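Report on the following structure.
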Amino acid sequence: MNFKNTALTGLLLCGMLLSADQVLVKNGKQAGTIYLDAAAKPGEKTAAEELQTYLKKMSGAEFQTGSKMKGSCIVLATVNTPGIPGNLKKALDGKKDESYLLKTEGGKLYIVGKTQVGTLYGAYGLLGDYLNVRWFMPGEEYVESRKNIVLPDLNKVDEPVYLWRQATQGGASGLARASKTWAARNRLQCPSEFSIRGLSDPKQRDYFDARIADHIFSEGSHLTFYLAAPPQKYLKTHPEYFALVNGKRLQNKGHHNTHYCLSNPELQKLVADYICSLYDKYGRRITYCFGAPDSVKDWCECENCRALDEEGKFDVSRRFHTVAQKIAAMVYAKHPDMRLDLWAYANYRSLPKDLKIDPRMNLYFCSHGRCFAHRIDDPNCPRNVEMLALLKSWMALKPAMVHLFEYSTCTPMSWTPLEHVLAADLRTFRKMGISGWKEGVHFPDANYRKIPKIEDDPHHSAHRLGHSWLFFDVAGRLTWNPDLDVDAVIADFESKYYGKAYPAMKKFNDLRRAAWDNASGCFGYPTGDSRTPTLLMKEGLKDELLKLLAQADRLAGDDPVLKRRLARDRKYLEVFWIRQNDRYRARLGKTLNAPAAKSKIKIDSDPSDPAWSGACWISDFKTAYVKEKKDLPPELKTSVGILSDKDNLYFLIIANEPSVKKLRAKAKSANEIWNDDGIEIFLDPRNVANTYYQFVVNSKGVSAAMRQPGSDKSIDFGITAAAKVEKDRYVIELKVPVKNMECLFAPGAVWNVHFARSRKIEDGLPKGAFSIDGEKNHERGSYRTMSIGRALLPNGNFTETDPKTGKLKAWSLKNAEVIKKDGRNVLVIHKGGRAGQSIWDWKGPLGQSPAPRRIQIHFRASGNAQLAVYASAYTDDWSNGKLKRKFHGSEQVGHIKLKPEAKNYTLRYTIKPDQWMGLYFNSFGGKTEIESVLITRE
């Protein structure tokens with residue numbers, strides 16, 4: 010024991026006891042009571058219960074509540090509580106409803122909320138900010154033992170920057186009381202799964218009144234029209250209220266997916282009347298959100314609805330928002346102060362021309378489609394550039410307020426450290442004047458029929474909060490104050506979570522976050538997570554993480570709480586990072602090729618073209634989007650052949666199908682194809698813009714093409730498709746020109762590729778989605794690698810090594826090495842280093858020849874060096890039966906000052922008659938990183 014430090018602590022404590030304004034506990038005994046007004050509301054009562062619970066956990070002191078504001082006491086009140094000094098009420102003038110004041114005065118600690126919810130948040134602010142309580146996740150918390158609890162002089166108003174700070178339940182139903190309590194303790198808003206139930210259900214009302222501010226209770230959204238005109242009541246008597254699709258009035262099986270005839274004036278009035286009835290019952294305690302069914306299909310096709318669309322387009326966004334404004338005007342005519350939200354979501358998120366919205370309405374913008382691996386304002390992330398521009402265009406309409414629904418958890422997270430991007434985004438949104446942030450959260454105590462082991466289903470909803478708790482805890486802090494240092498907030502939570510194991514776990518999590526932050530690729534619905542599978546490609550990272558976990562285990566000793574927490578992290582490392590990386594590495598060993606076609610290919614769905622005998626073939630289709638991926642039975646075997654020429658890629662698909670008469674192929678145009686049986690092809694050229702391309706063809710040869718992310722169909726790719734159905738299979742042949750793609754397309758170029766099949770037939774055989782390796786269609790980190798044609802430069806992507814020596818094939822290295830970065834091999838040439846190869850291509854395109862050959866040298870590189878590129882020239886003479894090699898010298902063909910970000914470069918060189926060449930890269934003044942090199946003929 011350090012007596013000096015102990016004595017000093019005692020002296021400091023004595024000083025505090027003598028001079029501090031407020032002693033709550035002394036020697037384990039409470040110094041007073043907790044005051045509650047006789048008319049205290051649920052928020053004030055809950056605040057008292059929480060203080061009683063945690064002050065006792067800390068010190069053993071048992072606080073009683075009382076109705077007399079005398080002596081030393083903790084006063085729980087709102088600005089409307091009788092007897093509260095006027096100066097305390099005045100401190101909250103003009104503040105948001107959830108604001109609170111912490112004030113020590115006259116031997117009392119005042120916790121005064123603007124509303125009852127503010128009072129509860131004030132109690133949590135006291136416990137968290139001044140008494141160091143932390144709520145990591147449901148069932149996991151940090152509470153210090155203190156025999157004496159002494160507060161400094163307090164006079165602080167705390168007000169959230171964001172009016173909406175929602176963690177909204179998803180994945181399963183049920184109250185999930187422990188989880189919603191955890192969210193409230195972190196001062197996040199988590200309403201009832203059906204928000205209005207928190208107002209209408211007596212069993213839930215007090216619970217949510219205490220924790221949820223009035224502006225959070227909402228109704229409508231996907232059920233905007235359903236609630237006013239349920240099909241069970243109106244479909245038979247008023248079929249005209251419902252969407253006309255293919256000549257029929259429609260009710261979908263899922264009630265929330267039932268579309269309506271929005272142009273119908275009677276329906277519009279029903280919705281307006283329903284909203285007004287909610288106001289009559291709840292007043293401004295309810296917000297009605299204008300939304301549409303959660304289905305992009307089956308919007309009404311009637312003449313009146315089509316007349317609301319933008320001319321020449323099936324434009325449901327203009328239709329929806331025009332009708333929403335009309336209904337809002339009816340509501341405001343009766344209730345001018347009704348809270349109304351306008352959803353910008355799905356296919357009604359595009360901004361209609363000349364739209365005007367009532368300035369009393371709030372904009373509720375859903376950012377699905379953005380990337381959460383990059384900041385929203387990252388100029389190098391095309392999907393975020395597009396999303397931010399769209400958001401700003403909506404904000405230009407000047408709604409009353411704007412709040413966001415983010416979708417990072419929809420991907421879903423895989424133990425994903427998104428806290429740095431979250432912090433940057435919250436600061437950006439605050440500068441833009443945005444008032445709210447919302448994210449979905451899945452709770453472990455919701456109602457589940459069965460919870461599988463995490464090894465069997467890592468992404469099951471019941472497991473998600475266990476590995477994403479820090480994201481939400483950080484959100485709880487930063488939505489109140491985005492200026493907080495996110496790294497300090499993370500360190501605060503993790504140091505308390507890991508306790509004496511923290512020194513090792515700090516290094517562990519720093520490594521994790523660095524691996525994520527420095528990786529490339531995007532993360533976000535609907536294109537998935539292309540980063541996580543690559544994170545352990547860095548040599549030695551996995552071993553270092555496991556080593557630090559072992560060190561943390563030793564530091565934890567016999568502490569059962571720490572052992573449990575460390576076991577979780579070990580499991581997450583295994584199921585999310587190691588497993589995914591193992592699969593990724595296995596895929597790297599399955600590189601595909603697009604060989605050059607040896608003869609002309611006629612696109613006629615006839616697989617007998619001679620060229621296809623030289624194709625690269627793949628048949629590794631498995632069932633997808635299911636728990637257990639299974640190989641397809643022989644009856645459904647699906648094979649894809651791949652070829653190329655200088656301008657095109659070619660694909661031949663042979664899909665076995667015993668039930669050809671049941672094939673669904675009703676689409677007559679690209680917009681209708683998604684309901685048909687067919688084949689999808691995904692091409693990722695690994696370009697700077699981070700875009701990729703999706704093509705789909707049904708069994709009749711109807712096709713669609715788009716650029717992703719964003720499903721941009723405006724580009725004419727000029728594809729040619731043909732298909733035919735045979736006795737027990739269908740055949741599709743496809744030609745894909747590359748001229749309108751952002752790509753490098755030349756022999757030796759490396760792309761990523763994925764194939765999928767959709768089968769909707771019910772005949773006892775597997776149906777649904779099938780794909781290569783059973784991987785999800787938009788998970789680009791799961792795509793196979795594909796090289797284009799024959800590489801003129803051997804091993805230009807640095808993947809081939811000598812199995813005996815482990816050295817890089819074809820290349821000679823000096824002060825250079827190959828590392829794993831973002832799942833790819835990268836050649837690193839250190840300062841003063843060199844890498845090159847002699848391209849002795851006997852009888853090949855670059856081999857010694859009587860004719861000169863003009864070539865282009867393409868490479869993708871980054872760094873802080875001056876990179877010099879040299880071509881050396883040689884002549885081999887065998888005239889006397891022995892090799893005599895003459896060196897003609899080297900010529901500098903390029904000198905480049907590299908940029909920190911990777912860029913594509915092209916240099917030109919002519920191989921002279923009767924010569925062959927070598928290629929060398931020299932790095933001066935810094936480090937060079939080369940991702941790939943290839944040579945093409947001019």
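The numbers in this note's numbering rise by one with no breaks, and the one at position 299 of the sequence shown is 308.
Even glycine gets a Cβ: it sits at the ideal position worked out from N, Cα and C.
Given the structure is predicted, the values throughout are model-derived calculations rather than measurements.
Buried or exposed by the 16-neighbour rule on C-beta atoms within 10 Å, applied to residue i
i, result
"His268", "buried"
"Thr128", "buried"
"Leu836", "buried"
"Glu940", "buried"
"Tyr659", "buried"
"Glu202", "buried"
"Arg186", "exposed"
"Tyr929", "buried"
"Glu428", "buried"
"Val305", "exposed"
"Asp811", "exposed"
"Trp887", "exposed"
"Cys23", "The predicted position of Cys23 is uncertain, since its pLDDT is 42 and thus under 50; a value taken from the coordinates is nonetheless stated next. Result: exposed."
"Gly292", "exposed"
"Gly19", "Unreliable placement is indicated for Gly19, whose pLDDT of 41 sits below 50; no coordinate value is reported for it."
Sub-7 angstroms separation of residue i and residue j beta-carbons
i, j, result
"Ile728", "Ile688", "no"
"Leu943", "Gly805", "yes"
"Tyr2", "His344", "Residue 2 lies beyond the residue range present for the chain, which begins at 10 and ends at 947; the question has no answer from this structure."
"Asp210", "Val254", "no"
"Asp2", "Phe532", "Residue 2 lies beyond the stretch modelled for the chain, which goes from 10 to 947, so this question has no answer here."
"Asn665", "Lys646", "yes"
"Ala56", "Leu85", "yes"
"Trp173", "Gly445", "yes"
"Leu110", "Val121", "yes"
"Ser182", "Asn456", "yes"
"Thr425", "Glu448", "no"
"Leu435", "Leu487", "yes"
"Lys156", "Gly37", "yes"
"Glu332", "Cys285", "In the sequence on display, residue 332 carries Val and not Glu. No; because the gap between Cβ atoms is not below 7 angstroms, this pair is not in contact."
"Lys829", "Arg843", "no"
"Glu107", "Tyr130", "yes"
"Tyr44", "Val142", "no"
"Pro542", "His468", "no"
"Cys752", "Pro694", "yes"
"Ile366", "Val411", "no"
"Ser529", "Ala603", "no"
Residue from the options with nearest C-alpha to residue i
i, options, result
"Phe234", "Asp223, Thr418 and Asn273", "Asn273"
"Cys298", "Leu140, Trp308, Leu372 and Pro161", "Leu372"
"Gly872", "Pro746, Asn931, Val142 and Leu892", "Asn931"
"Gln61", "Ala49, Thr42 and Asp46", "Thr42"
"Gly566", "Arg577, Pro391, Ala510 and Leu351", "Ala510"
"Asn389", "Val740, Ala860, Ala698 and Arg869", "Ala698"
"Ser622", "Asn313, Lys98, Ile610 and Asp629", "Ile610"
"Leu550", "Ile499, Tyr534 and Leu520", "Leu520"
"Phe72", "Asn96, Ala40, Val88 and Gly103", "Ala40"
"Leu641", "Val669, Ala731 and Leu774", "Leu774"
"Thr884", "Asp923, Asp850 and Gln901", "Asp923"
Taking contact to mean 3 or more Cβ pairs, one atom from each stretch, closer than 8 angstroms, check whether the region 327-340 and the region 263-283 are in contact. yes
So, does the region 323-332 touch the region 356-368, judging by three or more C-beta pairs under 8 angstroms? With a cut-off of 8 angstroms, the region 356-368 and the region 323-332 count as touching, because enough Cβ pairs lie within range.
Entirely enclosed beta strand (DSSP E) segments - the region 128-171, minimum 3 residues: 143-146, 149-151, 158-160 and 164-167
Which runs of the alpha helix (DSSP H) spanning at least 4 residues fall entirely within the region 682-768, listed in chain order? none
Report the start-end ranges of each beta strand (DSSP E) in the region 846-918 that is 3 residues or longer and not cut off at the edges. 862-872, 875-886 and 893-906
Which runs of the beta strand (DSSP E) spanning at least 3 residues fall entirely within the region 434-506, listed in chain order? Correct list: 445-451.
Say whether the region 726-746 touches the region 395-402, bearing in mind that this needs 3 or more beta-carbon pairs closer than 8 angstroms, one atom from each stretch. no
Stretch pair the region 379-386 + the region 458-472: three plus CB contacts closer than 8 angstroms: no
Spell out a yes or no on whether the region 513-525 and the region 213-233 are touching, meaning 3 or more CB-CB pairs, one atom from each, closer than 8 angstroms. Result no; under three Cβ-Cβ pairs closer than 8 angstroms.
Can you list, in chain order, the stretches of the alpha helix (DSSP H) that have 4 or more residues and sit fully within the region 304-339? 312-317
On the three-pair Cβ rule with 8 angstroms, is the region 783-791 touching the region 704-715? no
Spell out a yes or no on whether the region 626-635 and the region 766-784 are touching, meaning 3 or more CB-CB pairs, one atom from each, closer than 8 angstroms. A contact exists between the region 626-635 and the region 766-784.
Where are the alpha helix (DSSP H) runs, 4 residues long or more, that stay fully inside the region 539-583, in chain order? 550-565 and 569-581
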